[in-house]
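Asker: Sharing a structure, written as structure tokens. Questions coming.
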Amino acid sequence: MSKRPNFLLIVADDLGFSDLGAFGGEIATPHLDALANAGLRLTDFHAASACSPTRAMLLTGTDHHLAGIGAMAEFSDETIRKNPGYEGHLNQRVVSLAELLRDAGYHTLISGKWHLGRTPETTAAARGFERAFVLEGAAHNHYGWSPDVPPHKMPRLLHAVEGTYRDGLELLTELPKDFYSSDAFTDRLLEYLGERPADDERPFFAYLPFSAPHFPLQAPDELINKYKGRYNGGPDVLREQRLERLKALGLIPQDVEAHPVVADTPNWHELDEAGRQQSARAMEVYAAMVERLDWNVGRVVEHLRATGELDNTVVLFLSDNGAEGAALEALPIVGKRAQRFIGQHYDNSLENVGRANSYVWYGPRWAQAATAPSRQFKLFTSQGGIRVPAFITWPGLKLQGVISHEFATVMDIVPTLLELAGTGHPGTSYRGREVLPIRGRSLLAYLQGETAQPHTQEETTGWELFRARAVRQGQWKALYIPKPDGPGRWQLYDLKRDPGEIHDLADKEPERLKGLVQQWQRYVDETGVLDFSFGGRLLRELARGIVRLFTRQPRTL
Numbered sequence: 377m378s379k380r381p382n383f384l385l386i387v388a389d390d391l392g393f394s395d396l397g398a399f400g401g402e403i404a405t406p407h408l409d410a411l412a413n414a415g416l417r418l419t420d421f422h423a424a425s426a427c428s429p430t431r432a433m434l435l436t437g438t439d440h441h442l443a444g445i446g447a448m449a450e451f452s453d454e455t456i457r458k459n460p461g462y463e464g465h466l467n468q469r470v471v472s473l474a475e476l477l478r479d480a481g482y483h484t485l486i487s488g489k490w491h492l493g494r495t496p497e498t499t500a501a502a503r504g505f506e507r508a509f510v511l512e513g514a515a516h517n518h519y520g521w522s523p524d525v526p527p528h529k530m531p532r533l534l535h536a537v538e539g540t541y542r543d544g545l546e547l548l549t550e551l552p553k554d555f556y557s558s559d560a561f562t563d564r565l566l567e568y569l570g571e572r573p574a575d576d577e578r579p580f581f582a583y584l585p586f587s588a589p590h591f592p593l594q595a596p597d598e599l600i601n602k603y604k605g606r607y608n609g610g611p612d613v614l615r616e617q618r619l620e621r622l623k624a625l626g627l628i629p630q631d632v633e634a635h636p637v638v639a640d641t642p643n644w645h646e647l648d649e650a651g652r653q654q655s656a657r658a659m660e661v662y663a664a665m666v667e668r669l670d671w672n673v674g675r676v677v678e679h680l681r682a683t684g685e686l687d688n689t690v691v692l693f694l695s696d697n698g699a700e701g702a703a704l705e706a707l708p709i710v711g712k713r714a715q716r717f718i719g720q721h722y723d724n725s726l727e728n729v730g731r732a733n734s735y736v737w738y739g740p741r742w743a744q745a746a747t748a749p750s751r752q753f754k755l756f757t758s759q760g761g762i763r764v765p766a767f768i769t770w771p772g773l774k775l776q777g778v779i780s781h782e783f784a785t786v787m788d789i790v791p792t793l794l795e796l797a798g799t800g801h802p803g804t805s806y807r808g809r810e811v812l813p814i815r816g817r818s819l820l821a822y823l824q825g826e827t828a829q830p831h832t833q834e835e836t837t838g839w840e841l842f843r844a845r846a847v848r849q850g851q852w853k854a855l856y857i858p859k860p861d862g863p864g865r866w867q868l869y870d871l872k873r874d875p876g877e878i879h880d881l882a883d884k885e886p887e888r889l890k891g892l893v894q895q896w897q898r899y900v901d902e903t904g905v906l907d908f909s910f911g912g913r914l915l916r917e918l919a920r921g922i923v924r925l926f927t928r929q930p931r932t933l
């Protein structure tokens with residue numbers, strides 16, 4: 377590139393690994409497919425196991441336990457938030473990518489889901505974004521509609537407009553009547569891109585984090601109708617179709633052994649006809665949401681092409697975690713209240729599912745059609761929760777049209793973009809305050825074909841959220857899923873031979889497992905992971921219940 381590149385960073389919310397056509401899916405995603413196929417598709421790219429932890433890592437280049445999202449803010453209180461790294465928002469111990477690029481002369485823009493702070497001091501406009509339109513919380517109705525109920529009377533997983541969206545520093549109390557999240561976020565980003573003065577030669581950093589396809593599943597009728605009947609075979613049939621397509625594309629090995637589906641919600645053949653119709657309809661709406669997201673990406677690409685900026689723009693795309701497998705109907709405490717509220721204030725009749733006043737999700741079986749061959753899904757530190765679809769493309773990329781099976785993480789994005797921008801991280805001091813260095817590694821040498829691997833085989837990476845743990849070194853991974861959702865002990869997997877995490881080698885390779893667990897402890901010491909086992913009743917109960925709260929998994933795996 378003859379001049380510093382623009383950056384377009386696109387994040388999908390809870391997108392499954394094989395949802396895009398370029399990653400094995402049947403959903404119509406031509407715009408993302410074209411970008412992915414022209415660039416470098418990453419099949420071993422890793423995020424955190426949930427939304428806000430990933431976003432913290434994505435924007436800081438360091439671990440979320442250091443950046444302030446050690447636990448998700450929605451499921452913590454002052455007892456937890458008093459601990460460093462668990463503040464529930466992006467803290468002052470880290471510097472955001474937007475701050476660094478702004479200081480380096482970039483025009484910094486965000487339109488979409490923030491999820492890293494809900495006050496004027498912690499919102500996106502306070503962390504380096506010059507222009508910001510954001511959904512501050514975890515989720516919201518995708519349309520500009522919410523029940524006529526005071527916000528404080530809404531169940532935890534449902535959200536009123538008030539206190540949810542922010543335009544710059546201004547908290548919004550209503551949205552336009554034609555609001556639809558993916559369209560609105562794209563409209564605003566296009567507005568920001570278009571309003572730059574003609575004589576402003578600054579490159580831009582545009583961050584477009586969609587809130588789709590996170591539940592509630594909602595999409596325009598005409599798109600939903602395109603998929604009518606497509607999923608009548610059920611999630612097991614879709615899973616096999618996706619696996620065959622992944623093999624055909626060279627994204628997974630031909631002899632891969634997929635992890636068995638883990639769910640205690642009814643199987644397809646156990647549902648009555650009405651239940652199957654309702655479930656298939658949810659998946660139809662989900663597919664429509666993904667297609668609409670793709671259409672909006674196409675709008676941005678076309679704008680950049682029309683303005684002559686596409687050839688100087690690095691485009692990165694990823695999902696923030698594995699597919700969302702929540703069985704919300706099974707939620708203890710929250711679930712009963714939420715279901716009762718939905719029954720009173722929403723219309724989930726079959727013909728209305730997907731519209732503004734419906735509220736549905738698709739559950740663990742459809743999610744595992746998307747995460748296969750990996751084990752489990754969002755909120756688990758198994759591969760289904762942390763391995764995500766990702767790609768990077770720009771005309772100067774050496775590895776064009778290539779599929780990479782090399783390990784990388786979301787923390788690598790900050791150092792990569794900083795190097796491309798010709799700037800760097802300040803290290804341990806920023807604007808008079810002490811800050812933490814980055815933990816990610818720049819991928820640029822790998823992207824330019826100068827190195828064979830972005831990470832060495834000796835490097836280790838750790839994960840933790842609500843006591844679910846993992847640590848990886850090369851092809852080896854130690855995994856700990858707490859009871860009752862797992863065995864409550866460390867398991868060992870050779871991901872090169874067993875990407876589905878099926879064959880536990882803990883007994884056969886005890887010394888290797890011991891070494892990895894020692895590396896896990898080193899990760900804990902470096903990042904300040906709290907030990908929920910000894911943290912008091914609240915911390916223990918939170919950690920014990922959070923994964924089961926969202927997944928309703930059987931007690932043995």
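Using my numbering, the first residue of the sequence shown is number 377, and each one after it goes up by one.
We treat Cβ as the ideally placed atom computed from N, Cα and C, and that holds for glycine.
Could you tell me whether the region 810-819 touches the region 782-789, using the rule of 3 or more Cβ pairs below 8 Å?
Answerer: The region 810-819 vs the region 782-789: in contact.
Asker: In whole angstroms, give me the CA-to-CA distance for F756 and W852.
Answerer: Using only the alpha carbons, I get a separation of about 17 Å.
Asker: Would you check if the distance between the CB atom of S587 and the CB atom of A480 is smaller than 8 Å?
Answerer: Cβ distance not < 8 Å, so S587 and A480 don't count as in contact.
Asker: Please name the residue, chosen from Y856, V764, F383 and E902, that lies closest to F399 on a Cα-to-Cα basis.
Answerer: Answer by Cα proximity: V764.
Asker: Just how far apart, CA to CA, sit T499 and E646?
Answerer: In a straight line, the C-alpha of T499 is about 46 Å away from that of E646.
Asker: What residues in its chain sit with their C-beta under 8 Å from that of P406, if we drop five residues either side in the sequence?
Answerer: Here the set comprises G397, D670 and G674.
Asker: Answer yes if the region 732-747 comes into contact with the region 591-611, meaning at least three C-beta pairs across the two stretches below 8 Å, and no otherwise.
Answerer: Contact between the region 591-611 and the region 732-747 is present, because at least three Cβ pairs lie under 8 Å.
Asker: Where does E454 land, buried or exposed, given buried means 16+ other C-beta within 10 angstroms?
Answerer: Exposed.
Asker: Please check the pair I814 and G504, which I expect to be a contact at CB under 8 Å, by giving their CB distance rounded to whole angstroms.
Answerer: So it is not a contact: roughly 15 Å between Cβ atoms.
Asker: Would you mind listing the beta strand (DSSP E) stretches within the region 679-735 that are 3+ residues and don't spill past its ends, in chain order?
Answerer: DSSP runs (the beta strand (DSSP E)) wholly in the region 679-735: 689-695.
Asker: Between which two residues does the alpha helix (DSSP H) harbouring K890 extend?
Answerer: Looking at the DSSP string, the run of the alpha helix (DSSP H) that includes K890 is P886 to T903.
Asker: With DSSP as the reference, label F505 as helix, strand or coil.
Answerer: It is coil, neither helix nor strand.
Asker: Could you tell me which whole alpha helix (DSSP H) segments of length 4 or greater appear in the region 808-862?
Answerer: Runs of the alpha helix (DSSP H) inside the region 808-862: 820-823.
Asker: Below 8 Å, how does it come out for the region 424-433 and the region 442-453: are there three or more Cβ pairs, yes or no?
Answerer: Counting Cβ pairs under 8 Å, three or more are found: they touch.
Asker: Which same chain residues end up closer than 6 Å to M665 when comparing Cβ atoms and leaving out the 5 residues on each side of it in sequence?
Answerer: Same-chain partners within the cutoff: A588, P589 and A595.
Asker: Go ahead and pull the three-state DSSP assignment for F561.
Answerer: Here F561 sits in helix by DSSP.
Asker: How many Å lie between A410 and T769 at the Cα?
Answerer: Going from the Cα of A410 to the Cα of T769 covers about 10 Å.
Asker: Closest by CA to A703, which one among V690, R681, Y738 and T683?
Answerer: That would be Y738, whose Cα lies nearest to the Cα of A703.
Asker: Check for me: the beta strand (DSSP E) holding Q867 runs from which residue to which?
Answerer: Per DSSP, Q867 belongs to the beta strand (DSSP E) from W866 to D870.
Asker: What number of angstroms, rounded off, separates the C-alpha of R417 from the C-alpha of Q824?
Answerer: Cα-Cα distance, rounded: 14 Å.
Asker: Over what stretch of residues does the beta strand (DSSP E) that includes V778 continue unbroken?
Answerer: From DSSP, the beta strand (DSSP E) with V778 extends over V778 to S780.
Asker: Between which residues of its own chain and Y568 is the CB-CB distance below 6 Å, once the five residues before and five after are set aside?
Answerer: The residues are L485 and R507.
Asker: By DSSP, does A745 sit in helix, in strand, or in coil?
Answerer: Reduced to three states, the DSSP call for A745 is helix.
Asker: So what's A424 in DSSP terms, helix, strand or just coil?
Answerer: It is coil, neither helix nor strand.
Asker: Terminal residues of the continuous alpha helix (DSSP H) containing N601?
Answerer: Per DSSP, N601 belongs to the alpha helix (DSSP H) from D597 to K602.
Asker: For Y541, I'd like the list of residues in its chain whose CB is within less than 8 Å of its CB, leaving aside the five on either flank, ordered along the chain.
Answerer: Closer than 8 Å at the Cβ level, and outside the excluded window around Y541, lie F509, V510, L511, E512, H516, L547, L548 and L551.
Asker: From this set, T419, I456 and K379, which residue's C-alpha is nearest I779's C-alpha?
Answerer: Per the Cα distances, T419.
Asker: Taking the Cβ atom as the reference point for each residue, do S695 and D439 lie within a distance shorter than 8 Å?
Answerer: No, they are not a contact pair.
Asker: Is P585 helix, strand or coil by DSSP?
Answerer: Three-state result, P585: strand.
Asker: Which class does P875 belong to by DSSP, given the choice of helix, strand or coil?
Answerer: It is coil, neither helix nor strand.
Asker: Between the region 770-777 and the region 630-650, do at least 3 Cβ pairs fall closer than 8 Å?
Answerer: Verdict: no, contact absent.
Asker: Hey, how far is the Cα of G760 from the Cα of D575?
Answerer: In a straight line, the C-alpha of G760 is about 47 Å away from that of D575.
Asker: For a test of the three-state rule: what should DSSP assign to A388, helix, strand or coil?
Answerer: Three-state DSSP puts A388 in a strand.
Asker: By Cβ distance, which residues of its chain are closer than 7 Å to R657, with the 5 residues on each side in sequence left out?
Answerer: So the qualifying residues of the chain are L726 and V729.
Asker: Taking the straight line between their C-alpha atoms, what separation do you get for A919 and K859?
Answerer: Unreliable positioning characterises A919 in this predicted model, as indicated by a pLDDT of 48, which lies under 50. The coordinate reading is nonetheless provided below. Near 10 Å, if we compare the C-alpha coordinates of K859 and A919.
Asker: By DSSP's criteria, R542 is part of a beta bridge. Which residues make up the other side?
Answerer: BP columns for R542 point to V510 and L547.
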